[in-house]
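What follows is a short report on a single structure.
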Amino acid sequence: MKEQLHKIKQRGLEDLEKISNMKQMRSFEVQYFGRKGELSQVMRRIKDLPKNERPALGKLANEVKQALNIARSKAEKSLTSKQREVSVIDLTWPSQPHRLGHLHPLTQFLDKVMNIFTSMGFEVLEGQEVETPEYNFDLLNIPKNHPSRDAWDTFYVEGGMLMRTHTSPVQLRAMKKKRPPVRLIAPGRVFRHEATDAGHETTFYQCEGLVIDRSITVSNLISTLEQFLKEVYGPKVKIRVRPEYYPFVEPGMDVDMQCLICDGQGCSVCHQRGWLEMLGSGMIHPKVLSNMNIDPEKFSGFAFGLGIDRLMMLYHGINDVRLSYSGDLRFLEQF
Ligand code: DAH
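Numbered by the working numbering, the letters in the sequence shown go through residues 16 to 350 in order.
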């Protein structure tokens with residue numbers, strides 16, 4: 016048995032030298048130190064020896080075990096960290112549950128808007144976020160030095176370009192290539208020089224609408240927008256139209272919707288007014304039609320600008336525009 020123990024030690028040390036990864040190391044441990052391993056088997060037989068032989072052999076067995084163990088831990092340390100990593104992967108470990116994201120509430124709402132208008136025969140166009148002052152202002156009948164230009168103050172970038180303040184320039188960009196009749200919407204991001212608060216952001220979404228044909232009238236405009244609001248907020252929607260000044264339309268008007276929370280009685284959502292301002296619109300100004308190379312004597316049209324953030328907030332009952340851009344999962348996971 017003594018000899019057997021020496022042999023085990025000898026072979027164990029040789030085996031250790033050949034080990035090159037943690038997997039081999041683990042099977043080494045099982046082979047030598049495991050319950051059914053070689054050392055354990057020898058040690059178990061010690062108790063069957065004559066009493067006087069037991070202590071010496073017990074001592075030897077322990078020494079062999081210790082020597083192998085020291086050699087084993089040295090060998091393990093010298094394995095590179097990469098080999099350790101590979102071997103530490105436990106394929107039986109349960110996987111982490113996947114957290115699936117979803118579309119942002121603004122994107123969901125914009126999809127809804129696009130579906131409604133495409134079902135009415137509108138096509139969807141995309142404009143550019145970086146614009147020239149000419150398209151953002153001048154061609155829309157907002158000349159330099161006109162006070163209304165202040166309301167659309169924005170960020171200027173290199174080369175005299177600017178971040179568009181509204182989607183209205185897409186009207187002109189589209190009409191560079193198209194001829195009436197046209198029915199289109201142009202959703203996208205817009206930018207303003209703005210101090211942010213619950214109702215204002217420097218970056219937000221709009222959706223422009225444009226219809227040009229022969230004999231388009233204000234009643235076409237009103238009925239289209241009423242139909243749109245009913246599709247979004249339900250058949251009970253009541254609207255009213257107020258004159259409003261926008262340089263690129265004549266007449267210009269804002270469309271209000273009777274507050275659905277209080278049925279027009281006045282509440283905190285509508286600031287006790289009973290009505291909510293929904294969007295800006297109007298009949299395209301003859302000068303703007305001319306800038307599109309369209310004869311205002313032959314054609315007429317209407318345009319509108321939807322504030323997507325505002326409409327989405329009303330739809331869900333959200334009271335702070337900044338929540339949309341916060342990336343806060345406690346907010347986003349509710350949609
Ligand atoms: N561009 C305007 C804004 O950002 C919104 C607007 C008003 C668009 C009237 C229009 C319109 O097309 O006819 O405030």
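All C-beta atoms in this analysis are idealised placements derived from N, C-alpha and C, irrespective of residue type, glycine included.
Measure the beta-carbon distance from residue i to residue j and round it to whole angstroms, keeping in mind my assumption that it falls under 8 Å.
i	j	result
Thr182	Gly142	6 Å
Leu338	Phe350	The pair is not a contact, with the Cβ atoms about 11 Å apart (cut-off 8 Å).
Among the options, which has the Cα closest to the Cα of residue i?
i	options	result
Pro202	Leu291, Val247, Cys222	Cys222
Glu138	Val205, His117, Asn130	Asn130
Met307	Leu155, Leu28, Leu338	Leu155
Ala166	Ser134, Thr217, Phe48, Gln81	Thr217
Gly322	Asn67, Phe219, Glu91	Phe219
Arg87	Pro65, Glu44, Phe124	Glu44
Leu291	Ser315, Arg325, Ile309, Tyr261	Arg325
Gly332	Asp63, Leu294, Gly52, Leu275	Leu275
Gly249	Tyr330, Thr180, Val205, Lys193	Tyr330
Arg204	Ser42, Glu78, Leu115, Glu144	Glu144
Tyr261	Gln39, Glu146, Phe319, Pro65	Phe319
Leu208	Lys193, Ser35, Arg179, Pro112	The question names Leu, but residue 208 in the sequence shown is His. Comparing Cα positions, the closest option is Arg179.
Leu140	Lys192, Gln46, Val336	Lys192
Tyr47	Asn67, Phe314, Arg26, Gly116	Arg26
Output yes or no for whether 8 Å exceeds the beta carbon distance between residue i and residue j.
i	j	result
Glu259	Asp271	no
Leu106	Ala76	no
Met37	Leu94	yes
Lys24	Ala82	yes
Leu11	Val252	Only positions 16 to 350 of the chain appear in the structure, and residue 11 is not among them; the question remains open.
Leu225	Gly316	yes
Met293	Phe124	no
Glu149	Met176	no
Leu20	Val79	yes
Ile61	Gly49	no
Ile309	Pro195	yes
Meets three-Cβ-pair contact criterion under 8 Å: the segment 261-269 and the segment 287-298: yes
Are there three or more Cβ pairs, one per stretch, closer than 8 Å when the segment 299-319 is compared with the segment 177-196? yes
Cβ contact (3+ pairs, closer than 8 Å) linking the segment 275-283 and the segment 152-163: no
Counting Cβ pairs closer than 8 Å, one from the segment 224-241 and one from the segment 165-181, do we hit at least three? no
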